[in-house]
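K.L.:
Before we start, here is the structure in question, set down as C-alpha cells.
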Amino acid sequence: MLESILITVATAATPLLIAALGELVAERSGVLNLGVEGMMIMGAITGFAAALLTGSVWLGVGAAILVGAAFALLFAFLTLSLVTNQVATGLALTLFGLGLSGMLGESFVGRPGLKLGVIDIPVLSDLPVVGRLLFGQDPLFYISLLLTLAVAYFLFATRAGLMLRAVGDNPVSAHAQGINVVAIRYLAVMFGGACAGLAGAYLSLVYTPQWVENMTAGRGWIALALVVFASWRPWRVVAGAYLFGGVTIGQLHAQAQGVDIPSQLLSSLPYLATIAVLVIISRNRRLTMMNTPASLGRPFVPER
Amino acid sequence: MRRTLQLFAAAAVALATTGGVQAQEEPTKACFIYVGPIGDFGWTYQHHQGLLQVEEELGDAVETAYLESVPEGADAERAIERFARSGCDIIFTTSFGYMDATNRVAGRFPDVKFEHATGYKREHPNVATYNSRFYEGRYIQGVIAAKVSEAGVAGYIASFPIPEVVMGINAFILGAQSIDPDFQVKVVWANTWFDPGKEADAAKALVDQGVDIITQHTDSTAPMQVAAERGIKAFGQASDMIEFGPETQLTAIVDDWGPYYVERVKAVREGTWEQVDIWAGLKEGHVVMAPYTNMPDDVKALAEETEEKIRSGEFHPFTGPINRQDGTQWLAEGEVADDATLLGMNFYIEGVDDQLPN
Chain A
1 MLESILITVA
11 TAATPLLIAA
21 LGELVAERSG
31 VLNLGVEGMM
41 IMGAITGFAA
51 ALLTGSVWLG
61 VGAAILVGAA
71 FALLFAFLTL
81 SLVTNQVATG
91 LALTLFGLGL
101 SGMLGESFVG
111 RPGLKLGVID
121 IPVLSDLPVV
131 GRLLFGQDPL
141 FYISLLLTLA
151 VAYFLFATRA
161 GLMLRAVGDN
171 PVSAHAQGIN
181 VVAIRYLAVM
191 FGGACAGLAG
201 AYLSLVYTPQ
211 WVENMTAGRG
221 WIALALVVFA
231 SWRPWRVVAG
241 AYLFGGVTIG
251 QLHAQAQGVD
261 IPSQLLSSLP
271 YLATIAVLVI
281 ISRNRRLTMM
291 NTPASLGRPF
301 VPER
Chain B
1001 MRRTLQLFAA
1011 AAVALATTGG
1021 VQAQEEPTKA
1031 CFIYVGPIGD
1041 FGWTYQHHQG
1051 LLQVEEELGD
1061 AVETAYLESV
1071 PEGADAERAI
1081 ERFARSGCDI
1091 IFTTSFGYMD
1101 ATNRVAGRFP
1111 DVKFEHATGY
1121 KREHPNVATY
1131 NSRFYEGRYI
1141 QGVIAAKVSE
1151 AGVAGYIASF
1161 PIPEVVMGIN
1171 AFILGAQSID
1181 PDFQVKVVWA
1191 NTWFDPGKEA
1201 DAAKALVDQG
1211 VDIITQHTDS
1221 TAPMQVAAER
1231 GIKAFGQASD
1241 MIEFGPETQL
1251 TAIVDDWGPY
1261 YVERVKAVRE
1271 GTWEQVDIWA
1281 GLKEGHVVMA
1291 PYTNMPDDVK
1301 ALAEETEEKI
1311 RSGEFHPFTG
1321 PINRQDGTQW
1331 LAEGEVADDA
1341 TLLGMNFYIE
1351 GVDDQLPN
C-alpha cells in the first residue's frame, strides 16, 4: 500500500514540478509570467486532441510542448518587444488560455482519451516498496527529474546559465557586456511555456486521461507559488512539489482511514504546510535576497 | 370631463395591449448561471443540456445566455445581478451555494423570475426552487453495491457537507445495509465540486484502502477512469459515464433538467409563471438511471425491482426504523421522512463510519 501511495504522490507532484521548473527559468531571466495556468490548459487540450486525432500519445506530448511555447512567444512579444505590463499580460494569457481551450475542446468532452503507458524495467520494478516507484513509472516522471537535473546544471554550471542569471539580476550591465538581454528573455519565456504545455499534457494524457474544461483546476497557480517557495532553486522545486503532493494525498488517506480531524482542515493542509516551510526558509533574509532575481518583473528596453 | 377620462382609459388600455403584444413577440430571455464549466461532463454539462433543449423546443421564441464557472459567493451575486440588468426574464441559478445571492438579487428585481436549484429559500414571490430526488438513485446504488462488492466496503467521494450530499450518503448506506447490515462506506471529502486530478487522487486513496466500489458526489469522470484502471466497479454521476468505464460502470444517476426548463420558460412566456418548490424524482423522469451494466442478472433484476418500487411510490428510501449515527431514534417503524427534514439533513444515520464535518 505504501508503494501505491508513493506512486500517487509522484503523479500529483510531477505536473507541478514540470510547470514550476519552466517558470523558474523564465523568472531567473527576470520575466514574471503569470500565464502558467493558461499555457498549461492549452497544453492539456492540445495534447489530448493531438493524441486522439493522430493515435500517437507522443505526438500529443510534442504538440502540447509546441503550443505551450507558442503561447509563451505571444507573451514574450507583448512584454519584451511591446513592453506591456508583465502582470497584466500574464493574467490575460491565463484567461485567454482558459477560454480558448474550452472552445477548442468542446467536441472532445466526454470522449475517453489515450493514456501514456508506464515504463516497466524488469526485475528492478519488482523490488519491494520502491520498485514500481523508481522503475515502473510513466516516462514523463523520469523526464521531470532529468529536467530538474538539466535546469540545475544549466543555471549554475554553464556559461549560458550564468548569462541568463545575469540578465535576470541586472539587465543593464548584462547589456553593457554585450549580452542580448531581450533574446535571452525570449528563449527563457518560451522554455517556460514549453514546460507548462508539457505539464498540461501530463494532466490530459497521464493523470486523468480525458479532456474536461478547467481541468488544470489551479495547478498553474500552485506551480507559480512553488517557484517562490523554492526560492528560485531547482532542487527545492522538487522538494516543494513532492511536499505539496505528499500532504495532498496523505490527507485523503487519513480521511479514508477515518482519522477524526475535520476534513476542511485536512484539505487545507497542503497549503498550510507549504506556507510554514516558506516562512521558515525565508527567515534568512540574506539568502533569500541572494536567490531572488533582482530585476524580476522589471521591463528592459535596450538603448539604441 | 368624463369623456376625456374614458378616452384616456381607452388609450391606456390600447397602450397596455400593444405593449403586451410586443412583449409576446420579443423572445423570452432565459439565463443560466453555472458553477462549473459546461464541458465538465457532469453536473453543469447536464444543466447545459437542459438549456439546449429549451432552445430546440422553443426556437425563436426564446433567447438564452449562460455564465459558466461562476464561484459561489460574492461573484455569484454580481453575475446574477448582471443577468437581471441585461434583460433576462428568467434566471436559473444552478448550484446550492447561490441560494442567498439569488434571493438578494430577486428582492431588487421583482419583475424577473428566479429559479434556484437545490436550495430551500424563497424569500420573494419571484423565487422558485427546484431539485431532484437524487437520493432515490443513491439508494438503488447502495443496493447494487452491497450485492456486487466482495470487500463489503465502498468508497464515497464527497464534495461539501451540505444537506444534499449528506442525504446522498445516508441513502446509499440505507440501500447497502438493506442487503448487508455490515456493509461499510468510507467517505472522503474532496472539498471541491470539480477538480479531476484531486478526484482521481481521492479514488486512488480509497482503492488503496481496500474499497472495491466507488461512488462520487463530485462532477468529473476522473474517478470512473481510476476505477476502470484499477479493475473495480463504480457508479457514474450526473451523466452516463459508461464510455469512461465500459466494464466498470454499474449504473449512473442521470440528471434530466430539460423538461422542467422548457416548462418554466414557457410559463414565463405565457404569463402563467408561479412560485413553486419542485422536488421531482424517478417518477417524473427528472432522475433517470443509466442502464444497469456489469452485474449479474439477479442483481440487475433486484435493482430494477427497487427502482420500480420507488417510482410507483410503494417504497420510500427513508422509511423507519432509522436511527441517527449516535444511536438515538430518528424515524419509528414505518415512519417516512418528511421532505423538509431531508432537505435540511445535517446528520448521519447509524452505520456511517465517518465524522460529519461541521
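Residue numbers (our numbering), protein chains in the order written: chain A, 1 to 304; chain B, 1001 to 1358.
The beta carbon of each residue, even a glycine, is placed where N, CA and C say it ideally should be.
Keep in mind that this is a model prediction, so the values were computed, not measured.
For B:Leu1343, does the three-state DSSP call read helix, strand or coil?
P.N.:
For the purposes of this step, residue 1343 of chain B is taken as residue 343 along the second sequence, with counting starting at 1. The answer is helix: DSSP assigns B:Leu1343 an H, G or I state.
K.L.:
Check whether chain E comes within 8 Å of A:Ser267, counting only Cβ atoms and requiring the distance to be less than that.
P.N.:
Looking at the structure shown, chain E is missing, and the protein chains on hand are A and B.
K.L.:
Is B:Asn1191 buried or exposed, if buried means 16 or more other CB atoms sit within 10 Å of its CB?
P.N.:
In the second sequence, residue 1191 of chain B corresponds to position 191, counting from 1. Buried, by the Cβ-count rule.
K.L.:
Out of A:Val228, A:Leu272, A:Gln257, which one is the CA nearest neighbour of A:Phe244?
P.N.:
The residue labelled residue 244 of chain A in the question sits at position 244 within the first sequence. The residue with the shortest Cα to Cα distance from A:Phe244 is A:Leu272.
K.L.:
Spatial neighbours of B:Glu1307 within its chain, please: C-beta separation below 7 Å, excluding the five flanking residues on both sides.
P.N.:
The residue you call residue 1307 of chain B lines up with position 307 of the second sequence. Here the set comprises Ile1140, Leu1282, Met1289.
K.L.:
Residues in the region 101–112 of chain A with C-beta within 9 Å of chain B's C-beta atoms, listed in sequence order?
P.N.:
Taking 9 Å as the Cβ-Cβ cut-off against chain B, the residues of the region 101–112 of chain A that qualify are Gly102, Gly105, Glu106, Phe108, Val109, Gly110, Arg111, Pro112.
K.L.:
Taking 8 Å as the CB-CB limit, is B:Glu1243 close to chain A?
P.N.:
Translated into positions along the second sequence, residue 1243 of chain B becomes position 243. Answer yes: the Cβ-Cβ gap between B:Glu1243 and chain A drops below 8 Å somewhere.
K.L.:
Where does the unbroken alpha helix (DSSP H) through A:Asn291 begin, and where does it stop?
P.N.:
As a first step, residue 291 of chain A is located in the first sequence; it is residue number 291 there, counting from the start. Here the alpha helix (DSSP H) through A:Asn291 covers 285–291.
K.L.:
Among the candidates B:Glu1077, B:Val1188, B:Cys1031, whose CA atom is the shortest distance from the CA of B:Ser1159?
P.N.:
One-based indexing of the second sequence puts residue 1159 of chain B at position 159. B:Ser1159 has its Cα closest to that of B:Val1188, out of B:Glu1077, B:Val1188, B:Cys1031.
K.L.:
Does A:Met39 come within less than 8 Å of chain B when only Cβ atoms are used?
P.N.:
The count along the first sequence starts at 1 and reaches residue 39 of chain A at position 39. No, no contact with chain B.
K.L.:
Under 8 Å, Cβ to Cβ, is there at least one residue of chain A near B:Gln1355?
P.N.:
Here the question's residue 1355 of chain B lines up with position 355 in the second sequence. Judged by the 8 Å Cβ criterion, B:Gln1355 is in contact with chain A.
K.L.:
Excluding sequence positions up to five away, which residues of its chain have a Cβ less than 7 Å from the Cβ of B:Phe1194?
P.N.:
As a first step, residue 1194 of chain B must be located in the second sequence, where it is residue number 194. Here the set comprises Gly1036, Asp1040, Thr1218, Asp1219, Ser1220.
K.L.:
Report the residue from B:Val1062, B:Ile1038, B:Val1054, B:Ile1033 whose alpha carbon sits nearest the alpha carbon of B:Pro1027.
P.N.:
Position 27 of the second sequence holds residue 1027 of chain B. Closest by alpha carbon: B:Val1062.
K.L.:
Quick one: list the residues of chain A neighbouring B:Leu1206, beta-carbon separation under 7 Å, in chain order.
P.N.:
For the purposes of this step, residue 1206 of chain B is taken as residue 206 along the second sequence, with counting starting at 1. Residues of chain A passing the Cβ test: Ala256.
K.L.:
Using C-beta distances below 7 Å, list every residue in its chain close to A:Thr89, excluding the 5 sequence neighbours before and after it, in chain order.
P.N.:
Counted from its first residue, the first sequence places residue 89 of chain A at position 89. Contacts found: Phe75, Leu78, Thr79.
K.L.:
Grab me the residues of A:Pro234's own chain with a C-beta within less than 6 Å of its C-beta, minus the 5 sequence neighbours each way, in chain order.
P.N.:
Taking the first residue of the first sequence as position 1, residue 234 of chain A is located at position 234. Thr148, Val151, Ala152, listed in sequence order.
K.L.:
Answer with yes or no whether the minimum CB distance from A:Val305 to chain B is below 8 Å.
P.N.:
Past the boundaries of the shown model lies residue 305 of chain A; chain A is included only from 1 to 304, so the question cannot be answered.
K.L.:
Check A:Ser29 in the structure and name its three-state DSSP category.
P.N.:
In the first sequence, counting from the first residue as 1, residue 29 of chain A sits at position 29. Looking at A:Ser29 - three-state DSSP - the assignment turns out to be coil, as it is neither helix nor strand.
K.L.:
Considering just the uninterrupted stretch of the beta strand (DSSP E) at B:Ala1290, what are its terminal residues?
P.N.:
Along the second sequence, one-based indexing puts residue 1290 of chain B at 290. Looking at the DSSP string, B:Ala1290 is not in any beta strand (DSSP E), and its letter there is neither H nor E.
K.L.:
Does A:Val212 come within less than 8 Å of chain B when only Cβ atoms are used?
P.N.:
On the first sequence, position 212 is the one that residue 212 of chain A refers to. Interface residue, yes.
K.L.:
Along the region 121–142 of chain A, what residues have a CB closer than 7 Å to any CB found in chain B?
P.N.:
The residues in question: there are none.
K.L.:
So what does DSSP say about B:Glu1350, is it helix, strand or coil?
P.N.:
As a position in the second sequence, residue 1350 of chain B is number 350, starting the count at 1. Note: B:Glu1350 maps to coil in three-state DSSP.
K.L.:
For B:Arg1324, list the residues DSSP reports as bridge partners.
P.N.:
Taking the second sequence and counting its residues from 1, the one referred to as residue 1324 of chain B is at position 324. B:Ile1349.
K.L.:
Can you tell which of B:Ile1310, B:Glu1115, B:Val1287, B:Ser1149 has the C-alpha that lies nearest to the C-alpha of B:Gly1231?
P.N.:
Counted from its first residue, the second sequence places residue 1231 of chain B at position 231. Closest by alpha carbon: B:Ser1149.
K.L.:
With a threshold of 8 Å on Cβ separation, who are the neighbours of A:Leu278 within its own chain once the five nearest residues in sequence on each side are excluded?
P.N.:
Locating residue 278 of chain A in the first sequence gives position 278, where the first residue counts as 1. Closer than 8 Å at Cβ, skipping near neighbours: Val228, Phe229.
K.L.:
I need the straight-line Cα distance from B:Gly1073 to B:Asp1297, nearest angstrom please.
P.N.:
Residue mapping note: residue 1073 of chain B aligns to position 73 of the second sequence, counting from 1. Residue mapping note: residue 1297 of chain B aligns to position 297 of the second sequence, counting from 1. Between B:Gly1073 and B:Asp1297, the C-alpha separation is close to 47 Å.
K.L.:
Please determine, among B:Leu1343, B:Gln1355, B:Ile1214, the residue with the shortest C-alpha to C-alpha distance to A:Val259.
P.N.:
If you number the first sequence from 1, residue 259 of chain A lands on position 259. Nearest option by C-alpha distance: B:Gln1355.
K.L.:
Go ahead and pull the three-state DSSP assignment for A:Leu127.
P.N.:
Working through the first sequence from its first residue, we reach residue 127 of chain A at position 127. Reduced to three states, the DSSP call for A:Leu127 is coil.
K.L.:
State the DSSP-derived secondary structure class of B:Lys1300, mapped to helix, strand or coil.
P.N.:
If you number the second sequence from 1, residue 1300 of chain B lands on position 300. In the structure shown, B:Lys1300 sits in a helix (DSSP, three-state: H, G or I).
K.L.:
Look at the Cβ atom of A:Phe108, then the Cβ atom of A:Trp211, and state whether they are nearer than 8 Å.
P.N.:
By one-based count along the first sequence, residue 108 of chain A stands at place 108. By one-based count along the first sequence, residue 211 of chain A stands at place 211. Yes. Within cutoff.
K.L.:
In the region 206–234 of chain A, which residues sit with their C-beta less than 9 Å from some C-beta in chain B, listed in chain order?
P.N.:
So the close ones are Tyr207, Thr208, Pro209, Gln210, Trp211, Val212, Glu213, Asn214, Met215, Thr216, Ala217, Gly218, Arg219.
K.L.:
Taking a Cβ distance cut-off of 8 Å, strictly less, list which residues of the region 77–91 of chain A are near chain B, in chain order.
P.N.:
Of all residues in the region 77–91 of chain A, none has a Cβ within less than 8 Å of some Cβ in chain B.
K.L.:
Can you tell me whether B:Ile1253 is helix, strand or coil according to DSSP?
P.N.:
The residue you call residue 1253 of chain B lines up with position 253 of the second sequence. Looking at B:Ile1253 - three-state DSSP - the assignment turns out to be strand.
K.L.:
Buried or exposed: which applies to A:Gly197, given that a residue is buried once 16 or more other Cβ atoms fall within 10 Å of its Cβ?
P.N.:
To locate residue 197 of chain A, count along the first sequence from 1; it is residue 197. A:Gly197 is buried by the Cβ-count criterion.
K.L.:
Can you find a C-beta in chain A that's less than 8 Å from the C-beta of B:Gln1325?
P.N.:
Stepping through the second sequence from its first residue, residue 1325 of chain B is reached at position 325. B:Gln1325 does not count as touching chain A.
K.L.:
A:His253 touches chain B at which residues, Cβ-Cβ below 8 Å?
P.N.:
Here residue 253 of chain A refers to the residue found at position 253 when the first sequence is read from its first residue. Those within 8 Å of A:His253 in chain B are Ala1205, Asp1208, Gln1209.
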